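The next block holds one structure in the form of structure tokens; read it before the comments.
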Amino acid sequence: QVPGRHSVRYKPRPDLFAQFARAAALRYAQATDRYILWNEPNLPLWLQPQNSCRGSKCTPYAPHLYRKLVRAAYPAIKTVDPTATVLFGALAPNGENSTKQNAKTRPLAFIRSMGCVKVNLKRDRSGPCSSFKALTADGFAYHPHATKLAPNGVQVQPDNASIGDLPRLKRTLDGTQRAGGLRKAGGGKFGLYFTEWGYQTTPPDKTRGVSLAKQSRWLQQGAYIAYRDPRVKLLTQYEWRDEPVRRSATDPY
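The opening residue of the sequence shown carries number 1136 in this note's numbering; numbering runs sequentially from there.
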């Protein structure tokens, strides 16, 4: 925690995170096969700041900080639990334009910035990428929530990605890897681990929910989409019951 900020999400130190990761691995190695490094780092709810802003001009900050967190924590876990699978990412599926310090970062833009590549997936060597060192991991975790969109629906914003946008998600991830922005331990392409996915119902969630019939049909359809893709190694249902009703939406997406 940074003095004066009163938030453990603001600029966490990679060295301290590595100490925590090592301690967690020491404690849980006998009961754990996989570790995920952080949760939804493209949302200010979990990592701040998302951007560095001067006036109306903002540039990505969180992706570069997250890369440092992974680079510190991955070897810290592996020294203790070398056979474990260590995942990076765990990105939320939606974001917004980077017009303020803590605007939510769109996931595919986050991947590119994290790997220091441009929109055309060519290496970026400017600014925080001038001293770039790629992160290494065993797989890529992701939260492909579609909220009120059918599982085979495609998001209009090209840098957002739900479960129906797997081609563009893989294209960005693989292109960033080919450019040297990401490294998979042992070689090959990153397996996809969908560690959060599901649909809320209405009632009770009138903002983000769908009918019970749609929920039943869409859960099956989304599971089949994941099953058919050999890159998908895991699909985890995000809660079998709706979250408590709140005044605002029940998720930050």
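All residues carry an ideal CB built from backbone N, CA and C; glycine is no exception. All values derive from a computational prediction rather than experimental measurement.
Bounds of the beta strand (DSSP E) holding L1222 are 1220-1226.
Scanning its chain for C-beta atoms nearer than 6 Å, with the 5 sequence neighbours on each side dropped, one finds around S1233 the residues N1186, C1193, in chain order. A distance below 7 Å between beta-carbons, with the five flanking residues on each side excluded, links A1207 to the following residues of its chain, in chain order: P1149, D1150, F1152, A1153. In the structure shown, F1329 adopts extended strand secondary structure according to DSSP, grouped into three states.
Across the structure, Q1290 and G1299 are spaced so that their CA atoms are roughly 8 Å apart. Distance from the CA of G1357 to the CA of R1306, rounded to the nearest whole angstrom, comes to 20 Å. In the structure shown, Y1170 adopts extended strand secondary structure according to DSSP, grouped into three states.
Less than 9 Å divides the Cβ of L1317 from the Cβ of M1249.
When secondary structure is reduced to three states using DSSP, F1155 falls in the helix class. By alpha-carbon distance to Q1183, the top candidate from P1302, T1240, E1374 is T1240. Bridge pairing for A1276: G1224, Y1328 [DSSP]. In the same chain as I1360, and ignoring 5 residues on each side of it, the C-beta atoms closer than 8 Å to its own belong to P1286, N1287, I1298, G1299, L1301, in chain order. The continuous stretches of alpha helix (DSSP H) do not include L1317, which lies in the beta strand (DSSP E) extending over residues 1317-1319.
Between the C-alpha atoms of L1243 and Q1372 there is a straight-line separation of about 22 Å. Pairing L1354 with V1205, the inter-Cα distance amounts to about 32 Å. Here C1264 carries a helix assignment [DSSP, helix/strand/coil]. Scanning R1352, L1370, D1377, T1330 for the CA closest to the CA of P1339 turns up D1377.
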